[in-house]
Amino acid sequence: MSEEKSLEKVKAGKEKWDQGSVQKTLSKAPERRKTFTSISNIPVERLYTPWDVANLDYGNDLGFPGEYPFTRGVQPTMYRGRFWTMRQYAGFGSAAESNERYRYLLQQGQTGLSVAFDLPTQAGYDSDHPLSMGEVGKVGVAIDSIEDMRVLFDSIPLDKVTTSMTINAPATVLLAMYLAIAEEQGVPFDKVGGTVQNDILKEITVRGQYIYPPKPSMRLTVDLIDYCFKNVPKWNSISISGYHIREAGSTAGQEMAFTLADGIAYVQACVERGMAVDSFAPRLSFFFNSFTNVLEEVAKFRAGRRYWARVMKERFGAKDPRSMMMRYHVQTGGVTLTAQQPLNNVVRVALQAYAAALGGCQSLHTNSYDEALCLPTQDAVTVALRTQQIVAEESGAADTIDPLAGSYFVEAMTDKIEAEIDDYIKKIDAMGGTLTAIEQGFVQREIQNSAYRFQREIESTERVYVGINKYTMEEPPPTNLLKVDMSVGEVEEAKLKKMRAGRDAGKWKAALDHLREVSQSDQNVMPAVIEAVKAKATVGEICDVWRSIYGEYRPKEFV
Amino acid sequence: MAQERKIKIIVAKPGLDGHDRGAKLLARIFAEAGMEVVYTGLRQTPEMIVETALQEDADVVGMSSLSGVHNYFFPRAVELLKEKGLDDVLVVGGGIIPREDVDGLKNAGVKAIFGPGTDTNDIVTFIKDNVRN
Numbered sequence: 019m020s021e022e023k024s025l026e027k028v029k030a031g032k033e034k035w036d037q038g039s040v041q042k043t044l045s046k047a048p049e050r051r052k053t054f055t056s057i058s059n060i061p062v063e064r065l066y067t068p069w070d071v072a073n074l075d076y077g078n079d080l081g082f083p084g085e086y087p088f089t090r091g092v093q094p095t096m097y098r099g100r101f102w103t104m105r106q107y108a109g110f111g112s113a114a115e116s117n118e119r120y121r122y123l124l125q126q127g128q129t130g131l132s133v134a135f136d137l138p139t140q141a142g143y144d145s146d147h148p149l150s151m152g153e154v155g156k157v158g159v160a161i162d163s164i165e166d167m168r169v170l171f172d173s174i175p176l177d178k179v180t181t182s183m184t185i186n187a188p189a190t191v192l193l194a195m196y197l198a199i200a201e202e203q204g205v206p207f208d209k210v211g212g213t214v215q216n217d218i219l220k221e222i223t224v225r226g227q228y229i230y231p232p233k234p235s236m237r238l239t240v241d242l243i244d245y246c247f248k249n250v251p252k253w254n255s256i257s258i259s260g261y262h263i264r265e266a267g268s269t270a271g272q273e274m275a276f277t278l279a280d281g282i283a284y285v286q287a288c289v290e291r292g293m294a295v296d297s298f299a300p301r302l303s304f305f306f307n308s309f310t311n312v313l314e315e316v317a318k319f320r321a322g323r324r325y326w327a328r329v330m331k332e333r334f335g336a337k338d339p340r341s342m343m344m345r346y347h348v349q350t351g352g353v354t355l356t357a358q359q360p361l362n363n364v365v366r367v368a369l370q371a372y373a374a375a376l377g378g379c380q381s382l383h384t385n386s387y388d389e390a391l392c393l394p395t396q397d398a399v400t401v402a403l404r405t406q407q408i409v410a411e412e413s414g415a416a417d418t419i420d421p422l423a424g425s426y427f428v429e430a431m432t433d434k435i436e437a438e439i440d441d442y443i444k445k446i447d448a449m450g451g452t453l454t455a456i457e458q459g460f461v462q463r464e465i466q467n468s469a470y471r472f473q474r475e476i477e478s479t480e481r482v483y484v485g486i487n488k489y490t491m492e493e494p495p496p497t498n499l500l501k502v503d504m505s506v507g508e509v510e511e512a513k514l515k516k517m518r519a520g521r522d523a524g525k526w527k528a529a530l531d532h533l534r535e536v537s538q539s540d541q542n543v544m545p546a547v548i549e550a551v552k553a554k555a556t557v558g559e560i561c562d563v564w565r566s567i568y569g570e571y572r573p574k575e576f577v
Numbered sequence: 004m005a006q007e008r009k010i011k012i013i014v015a016k017p018g019l020d021g022h023d024r025g026a027k028l029l030a031r032i033f034a035e036a037g038m039e040v041v042y043t044g045l046r047q048t049p050e051m052i053v054e055t056a057l058q059e060d061a062d063v064v065g066m067s068s069l070s071g072v073h074n075y076f077f078p079r080a081v082e083l084l085k086e087k088g089l090d091d092v093l094v095v096g097g098g099i100i101p102r103e104d105v106d107g108l109k110n111a112g113v114k115a116i117f118g119p120g121t122d123t124n125d126i127v128t129f130i131k132d133n134v135r136n
């Protein structure tokens, strides 16, 4: 075969080059280091040739955009049709302050909203709970009741924007509030679009915002998915998240592997509920990180898309191509940002956003350069949004699809990461699935080991981090940091007290009683949750109903 | 004279913050540096942290916070330690702590604040140099 012949020729040529030109150069000038590795510790060779991708079968392994196995992208025209959704995660202080920031971002050309909730809301506590002390309105907006939600989306038409909500354990409650507000605005449920994170497995593994034990948590997760596919067809009912896995220290391959393992667990749970795979799978979405090593990130995204397509088709027997698409949001890497020389972060974010675009994301959040110092200021947020607008409009990355395909290196890396994903999935399957692997601490330990290795590499200066272990300098203290008003807590408490005093107590009690009844049965909880939020039951009160039925989760700590 | 006792350190996550990468990493590094480490896990109130310090007869309490609640939690823990007569327990903190808050925390009795990018060897050294004898 002539193709084989030409490959042999390449191989022979490379050997000759290695022994000739390379050796000659090395004898005079050694390379910077003995071995080169990516930030995820994947070995990187001096040169890649057709020999490294000799097994690549174009039709089977790459295919065409919008077609199985979706390696090259999930849509036939990708960003030539329209850019990814530019969606900056934001929220702080009161609902009114956050509403103001959202309206500012929409004016600046942002195309979707992304709501950050404060930690009490995420953990299912009201603003006046003792554990909420000091946390109200800090890392996100404080939402206690439907009244706050109404203010949050004031003058924002919910049929015109899509909204992503980073909410997990109480996802049903916040979605219920959102739907109730849509109804008030006269927007029918089938016109409402957006995403709830609703991914409890990664909360248990790495993010820490869990409430109930895994089993009842999974029940609420599946209830939401089930309700959405029947009633809110444009809603992404889960965003299976690798972002936080990576932030916790995993490698790129681990991020993708553990996320897809979680995905498999959710699909399995829905199938076990009796849902047909093609009914709900098209609404599954994912959420990933993007670090500064552009080529490795692109390979990660491509490997993930291909692997997920195969899982859905081969393992779950999906027929609808939409069920096989790994559609995902990307956020640039929060942990890659340095408090030292913070303006350098603008460059990191630009490279990470470029990687996300070359990798084929569906939506993107670009971090603000000051996030290792404080919550982002408006100026920093504007630069972050402009960064992705520059990538979209000026870099050319959006004009042709999957432009790095065919690069010997990127294809070899894609294969390598896919093999790593497959290894992990097989290991996790052998343990009896993700839930067991998490309970045994396997996933946590793998991530922590990677975090540890990375830290040691930085401290031994084996790996360079600009501004941290090389090119350091004395700096004056940073100025212009965002301060959240410390009185938010008191204001929210007072507002909550007033709301509780003014609501119809009979209606409120009846709604919570009904919710309790439904929660103890096999019925889907969503309609009862919607009824409860309309009766002004708070996030904390609804979550307390479930706490009393399901108990609270205390994970084993694996250090 | 008794042989040198191992330094006992409580690594704690106050409040609702779930960012525990730093806390867990340091727990491991302290153990490798020869200390005895108790990691509290998440969602600790100052009361819970101080109770653990008391029960474990700890020499050091290290708290990590990335959600902006350090100004409430860190001084409160110091205060409670004093109330329990544990004045000589070394208290240190880390996480996302704005530089302008550092002096206030130090005045309140937190002996050192370690921000992002700190070399963990420096933290170990600081603890060894400042822990009670």
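The listed protein sequences derive, respectively, from chains E and R.
If you're matching positions, the first sequence starts at 19 in my numbering and goes up one per residue.
If you're matching positions, the second sequence starts at 4 in my numbering and goes up one per residue.
Where a beta carbon is used, it is the ideal one built from N, C-alpha and C, also for glycine.
Small disclaimer: the values here were computed from a predicted structure and weren't measured.
Residue burial classification, residue i (beta-carbon count within 10 angstroms, cutoff 16)
| i | result |
| --- | --- |
| E/Ala47 | exposed |
| E/Ile567 | exposed |
| E/Leu369 | buried |
| E/Glu315 | buried |
| E/Pro87 | buried |
| E/Gly212 | buried |
| R/Arg46 | buried |
| E/Lys34 | exposed |
| E/Asp136 | buried |
| R/Gly25 | buried |
| R/Met4 | With a pLDDT of 47 at R/Met4, under the threshold of 50, the modelled position of this residue cannot be trusted; read the value that follows with caution. That one is exposed. |
| E/Gly204 | exposed |
Below-8 Å beta-carbon distance, residue i vs any chain E residue
| i | result |
| --- | --- |
| R/Ser70 | yes |
| R/Asp106 | no |
| R/Asp60 | no |
| R/Leu28 | yes |
| R/Leu83 | no |
| R/Asn110 | no |
| R/Thr123 | yes |
| R/Leu89 | no |
Sequence-distant residues of its chain with Cβ nearer than 8 Å to residue i (five each side left out)
| i | result |
| --- | --- |
| E/Val543 | Thr190, Leu238, Asp241, Leu533, Val536, Ser537 |
| R/Arg8 | none |
| E/Pro421 | Leu376, Ala415 |
| E/Gln126 | Thr400, Leu403 |
Nearest to residue i (by Cα), restricted to the options the options
| i | options | result |
| --- | --- | --- |
| E/Leu500 | R/Ile100, R/Asn133, R/Lys131, R/Ala61 | R/Ile100 |
| E/Met183 | E/Gly109, E/Asn59, E/Val250 | E/Gly109 |
| E/Ala327 | E/Thr310, E/Arg345, E/Gln466 | E/Arg345 |
| E/Thr139 | E/Pro206, E/Leu124, E/Gly158, E/Gly152 | E/Gly158 |
| R/Lys114 | R/Ser70, R/Gly65, R/Gly71, R/Phe33 | R/Gly65 |
| E/Gly558 | E/Leu530, E/Gln541, E/Lys574, E/Ser539 | E/Leu530 |
| E/Gln128 | E/Phe54, E/Leu74, E/Val401 | E/Val401 |
| R/Leu89 | R/Asn110, R/Ala111, R/Ala61 | R/Ala61 |
| E/Phe427 | E/Gln359, E/Trp69, E/Thr43 | E/Trp69 |
Residue i at chain R interface by Cβ criterion, 8 Å
| i | result |
| --- | --- |
| E/Tyr580 | This structure cannot speak to residue 580 of chain E, because chain E is shown only from 19 to 577. |
| E/Cys246 | no |
| E/Cys392 | yes |
| E/Val577 | yes |
| E/Leu192 | no |
| E/Pro138 | yes |
| E/Gln466 | yes |
| E/Gly152 | yes |
| E/Ile486 | yes |
Residues near residue i by beta carbon distance below 6 Å, same chain, minus five either side
| i | result |
| --- | --- |
| E/Gly281 | Ile258 |
| E/Met236 | Ala287 |
| E/Asp166 | Ala113 |
| E/Phe171 | Ile199 |
| E/Thr95 | none |
| E/Gly507 | Val154 |
| E/Cys392 | Leu499, Leu500 |
| E/Val348 | Phe306, Ser308, Ala374, Cys379, Leu382 |
| E/Tyr122 | none |
| E/Asn249 | Phe207 |
Sequence-distant residues of its chain with Cβ nearer than 7 Å to residue i (five each side left out)
| i | result |
| --- | --- |
| E/Asp296 | Ala336, Lys337, Asp338, Ser341 |
Let me know the alpha helix (DSSP H) ranges lying completely inside the segment 314–400 of chain E, each 4 residues or longer, listed in chain order. Runs of the alpha helix (DSSP H) inside the segment 314–400 of chain E: 362–377.
At which residue ranges does the segment 165–229 of chain E contain complete beta strand (DSSP E) runs of 3 or more residues, listed in the order of the chain? Within the segment 165–229 of chain E, the complete beta strand (DSSP E) runs of at least 3 residues are 181–183, 212–214.
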